[in-house]
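Peer 1: Per the working numbering, residue 407 is the first one in the sequence shown, and the count goes up by one each step.
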Amino acid sequence: MIGGDLDGALTFSWPDEEWDYENAPEGREASEANRWKDFGAMLTAAGFPVPKTVRDLSELYLT
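Spelled out as structure tokens, the structure:
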């Protein structure tokens with residue numbers, strides 16, 4: 407789930423029963439940090455800004 411208002415920081419959450427510790431045993435916070443790092447690197451390499459807010463993410467999708 408994406409949380410926050412349009413101009414708030416991007417946050418993600420997973421219900422406890424939906425987290426897969428077998429595929430990501432390092433835990434949610436470490437897994438999310440790694441995914442954001444990879445996502446940011448991919449966007450930067452493609453010439454896109456890394457979204458910081460829900461609005462930024464929405465605008466990226468529209469692009």
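Backbone N, C-alpha and C define an ideal beta-carbon position, used for all residues, glycine too.
#1: Look up Ala452 in the DSSP assignment and say whether it is helix, strand or coil.
#2: What first and last residue would you give for the alpha helix (DSSP H) that runs through Tyr427?
#3: Compare the C-alpha of Thr417 against each of Glu438, Asp426, Glu424 and name the closest.
#4: Find out if the Cβ-Cβ distance for the pair Gly446, Val456 is shorter than 8 angstroms.
#5: Strictly by DSSP, which residues pair up with Thr469?
Peer 2: Straight from the coordinates:
#1: Residue numbering aside, residue 452 sits at position 46 when the sequence shown is read from its first letter. Coil.
#2: As a position in the sequence shown, residue 427 is number 21, starting the count at 1. If you look at Tyr427, you'll find it isn't in any alpha helix (DSSP H); DSSP assigns it neither H nor E.
#3: In the sequence shown, the residue the question calls residue 417 occupies position 11. By alpha-carbon distance to Thr417, the top candidate from Glu438, Asp426, Glu424 is Glu438.
#4: Counting from 1 along the sequence shown, the entry for residue 446 is found at position 40. Counting from 1 along the sequence shown, the entry for residue 456 is found at position 50. Going by C-beta atoms, Gly446 is nearer than 8 angstroms to Val456.
#5: For the purposes of this step, residue 469 is identified with residue 63 of the sequence shown, where counting begins at 1. According to DSSP, which records beta bridges pairwise, Thr469 is partnered with nothing at all.
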